[in-house]
């Protein structure tokens, strides 16, 4: 099942990147300003968080294998209108629908995966599935860029629709539901375990809030990369569409190495008895802060190759946080509530995608030069990463919060509920 869920996330991210990859031809054909294109990039996330939360609560009650199938079909069908002549409004509408369909994908896929692996063994499977996104970019971008350059950006959307339908057929015949049950959260000295915890306690848990802050900052960078990376290379640094599209994969290659290595190290340390605060929280938060320290130098150097290297490292070095978020949330949440909390956390983090592309578009449009505008936007990202990383370092303490949550649940037990 890990392999199929991995492919699911691969297609998920290929759908996301195609607009950013085709930024220049789309802007040229539709005569869009940077601000308008930024709005297009943000439109994908307009309903992303809403459907993400709704899908998470639904996954507490509906088998995940059914939800994954429906999502894949929606993603595929919404790509086909792009094959014809489209207006800016039609493109916006299709991206909004696609975002709504992809909103629950990450948390529901993670919830499905965790039905096959206990907590101590989730590091590597989580990293593998998370890297479906990176590999989706690495595999799909050269192919999509070839289609864009040699045919048109319209055909790139159609190709993604066909691939999505092929996965749906595969999942229909091979997809299964896991049967693993997590142990309830137990407070020391209590006679019974907490099978459910009031959501008000979970939503105000310092570790969950802190990991979401670090994740929000990192997703700001991811959203900028999805929408603006190729445009920066082509429009800001003067690369061709072919070269800019091929270079698009660099942050994802680096991020895949970081995430797989980080997931392996985190799981190894966890099995060796190292606390989650250190092997998950502190490790991931420190890499987020490191990215924030690197990015401001983009505006201080003149060599294009060095600018690209700084951008790749600054935006991707903190990618481990995307593996740590579901592990921290799952560590602190009883299984009957896990899908909903994963969805809430994911939707909180990905809300950065609503703001970041449009904000960058405004900065670029009103800057003295296009290159200066892009680089000002990356400096702002660096500040966000530094703040988010510091918050994570200070407040991600899952062991202490687990005891606190269990004690609160024991003092004020929650009656069983359906969601």
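Residue numbers (the working numbering): 11 to 429. Backbone N, C-alpha and C fix where the C-beta goes; we use that ideal spot for every residue, glycine too. Since this is a predicted model, take the numbers as computed values, not measurements.
Asked: Could you tell me which of 320, 93, 409, 271 sits nearest to residue 285, measuring between CA atoms?; Found: 409
Asked: DSSP three-state call for residue 243: helix, strand or coil?; Found: helix
Asked: Tell me which same chain residues have a C-beta within less than 6 Å of the C-beta of residue 242, skipping the five on either side of it?; Found: 384
Asked: So residue 257 and residue 27 are supposed to be a Cβ contact under 8 Å. How far apart are they, rounded?; Found: 13 Å between Cβ atoms; not a contact.
Asked: So, does the segment 49–62 touch the segment 389–407, judging by three or more C-beta pairs under 8 Å?; Found: no
Asked: Quick check on this structure: which residue in 22, 345, 370 has the alpha carbon closest to the alpha carbon of residue 58?; Found: 22
Asked: Go ahead and label residue 245 buried or exposed: buried means 16 or more other beta carbons lie within 10 angstroms of its beta carbon, across all protein chains shown.; Found: buried
Asked: Which residues in the same chain have their Cβ closer than 7 Å to the Cβ of residue 359, if we skip the five residues on either side of it in sequence?; Found: 222, 225, 226, 229, 335
Asked: Considering only their Cβ atoms, is the gap separating residue 171 from residue 5 smaller than 7 Å?; Found: Residue 5 lies beyond the range of the chain shown here (11 to 429); nothing can be said about it.
Asked: Pair every Cβ in the segment 32–51 with every Cβ in the segment 341–352, then say whether three or more of these pairs are closer than 8 Å.; Found: no
Asked: I need the DSSP call for residue 315, collapsed to helix, strand or coil.; Found: helix
Asked: Do you know whose CA, among 110, 216, 144, lies nearest residue 488's CA?; Found: A question about residue 488 goes unanswered here, because the residues of the chain that appear run from 11 up to 429.
Asked: Near residue 260, which residues of its chain fall below 8 Å by C-beta distance, leaving aside the five closest residues on each side in sequence?; Found: 318, 322
Asked: Does residue 404 pass the burial test, meaning 16 or more other C-beta atoms within 10 Å, or should it be called exposed?; Found: exposed
Asked: With a cut-off of 8 Å, do at least 3 Cβ pairs link the segment 343–353 to the segment 291–310?; Found: no
Asked: Applying the 10 Å Cβ sphere with the 16-neighbour rule, what's the burial state of residue 31?; Found: buried
Asked: When the Cα atoms are used, what is the spatial distance from residue 181 to residue 377?; Found: 47 Å
Asked: Quick one: residues in its chain with C-beta nearer than 8 Å to the C-beta of residue 311, no 5 flanking neighbours on either side, listed in chain order?; Found: 317, 320
Asked: Tell me whether residue 313 is buried or exposed, calling it buried when 16 or more other Cβ atoms sit within 10 Å of its Cβ.; Found: exposed
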